[in-house]
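Engineer:
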Amino acid sequence: MTQNLVIQSLAPLSDAHYKPLLALARGARVVPIDAHALRIEDANPAQRPDIDAYCGTHALDFAFVDAGRTLGDFGLVVMDMDSTLITIECIDEIADFCGLKAEVAAITEASMRGEIRDFNESLTRRVALLAGLDAQALERVYEERLRLSPGAESMLAGAKAAGLKTLLVSGGFTFFTERLKARLGLDFAHANTLEIVDGKLTGKVLGEIVNADVKARLLRDTCAALGIAPSRAIAMGDGSNDLKMMAEAGLSVAFHAKPVVREAATVAFDHVGLDGLLRLF
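When you number the sequence shown by full-length UniProt numbering, it's gap-free, plus one each residue, and the end is 281.
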């Protein structure tokens, strides 16, 4: 199948990019998408290493996309929450309120890089450190620190306009996913539930932990409920806990992701926002 090459940049693209990229891609023509993106039609995927090198040098994101494919060909977009839909890792910010951010963040980072294989153990260890913390800290994290990633609202609006349903699935906490679901008008949301007794965190998680296997299952189950194949799902994530759900999807997007995720994904956005998804089609 003929493929197009989509190039995106935070800074406006110039004519200086057009000729070298067209030559590297061995494509038929350059079609501007907007000031920050262009499409090279009938590009040669075998040129990926050279294009990767050029884009790395010039802070550009690139993706090979089947010609003629549209966003409306998909039926579901699935997003991780922490460091994907939002800019923070909620558990690290919660830990800051009890002076343990550095310790918890180190475990989070190692887990997302895939260095801690057992996500359940990683989460259990981190949550245990929060025992005794006033639950009001959760509200403060949401109000004072949680910010949407660049392009999040535009991406969601575009996906909804194309008829896609939206699923937020997180190894984080329902306190945040439920608020984001209501705020952004998401169709589905799943995450872990923190146990709170007498207004304090107990240091425990209630019920099944949303790990990599559960994320993948939730993608499959949601697709089944919608009557679509997983190949019609788009999965977006940044950490190793997202790899299995990304492998289930027809299109996977590594968003400002760890190297292991970037290498496994269909598309990687290292520079542009989540709305880069809309420019692929």
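Virtual Cβ for every residue (Gly too), placed ideally from N, Cα, C.
1) Whole angstroms are fine: how far does the CA of I86 sit from the CA of Q8?
2) Note the first and the last residue of the continuous alpha helix (DSSP H) segment covering M155.
3) Count the other CB atoms, across all protein chains shown, that sit within 10 Å of the CB of K258; report buried if there are 16 or more and exposed otherwise.
4) Name the one or two DSSP bridge partners that I40 has.
5) Decide if R147 is buried, meaning its Cβ has at least 16 other Cβ atoms within 10 Å, or exposed.
6) What number of angstroms, rounded off, separates the C-alpha of A63 from the C-alpha of I91?
7) What are the boundary residues of the beta strand (DSSP E) that includes L130?
8) If you reduce the DSSP assignment to three classes, tell me which class E195 lands in.
9) Out of P12, A59, A46, state which residue places its alpha-carbon closest to the alpha-carbon of L38.
10) Tell me, which residues are paired with A105 by DSSP?
11) Hey, could you find the ends of the alpha helix (DSSP H) A224 is sitting in?
12) Does the region 38-57 come into contact with the region 197-216, if we say contact requires no fewer than three beta-carbon pairs (one atom in each stretch) closer than 8 Å?
Structural biologist: Well, looking at it:
1) Looking up residue 8 in the sequence shown gives position 8. Looking up residue 86 in the sequence shown gives position 86. Rounded to the nearest angstrom, the two C-alpha atoms are 21 Å apart.
2) On the sequence shown, position 155 is the one that residue 155 refers to. Element bounds for M155: 152-161.
3) Within the sequence shown, numbered from 1, the residue matching residue 258 stands at position 258. Buried: at least 16 other Cβ atoms inside 10 Å.
4) Sequence index remark: in the sequence shown, residue 40 carries index 40 (1-based). Bridge partners of I40: L5, V30.
5) The residue you call residue 147 lines up with position 147 of the sequence shown. The residue in question, R147, is exposed, as its Cβ has fewer than 16 Cβ neighbours within 10 Å.
6) For this step, residue 63 is matched to residue 63 along the sequence shown. For this step, residue 91 is matched to residue 91 along the sequence shown. Cα to Cα, A63 sits roughly 32 Å from I91.
7) As a position in the sequence shown, residue 130 is number 130, starting the count at 1. Looking at the DSSP string, L130 is not in any beta strand (DSSP E), and its letter there is neither H nor E.
8) Taking the sequence shown and counting its residues from 1, one reaches residue 195 at position 195. Looking at E195 - three-state DSSP - the assignment turns out to be strand.
9) Stepping through the sequence shown from its first residue, residue 38 is reached at position 38. It is P12 whose Cα lies nearest to the Cα of L38.
10) As a working note, residue 105 is residue 105 in the sequence shown. Its beta-bridge partners do not exist; DSSP assigns none.
11) Start at 1 with the first residue of the sequence shown, and residue 224 comes out as number 224. Here the alpha helix (DSSP H) through A224 covers 212-226.
12) no
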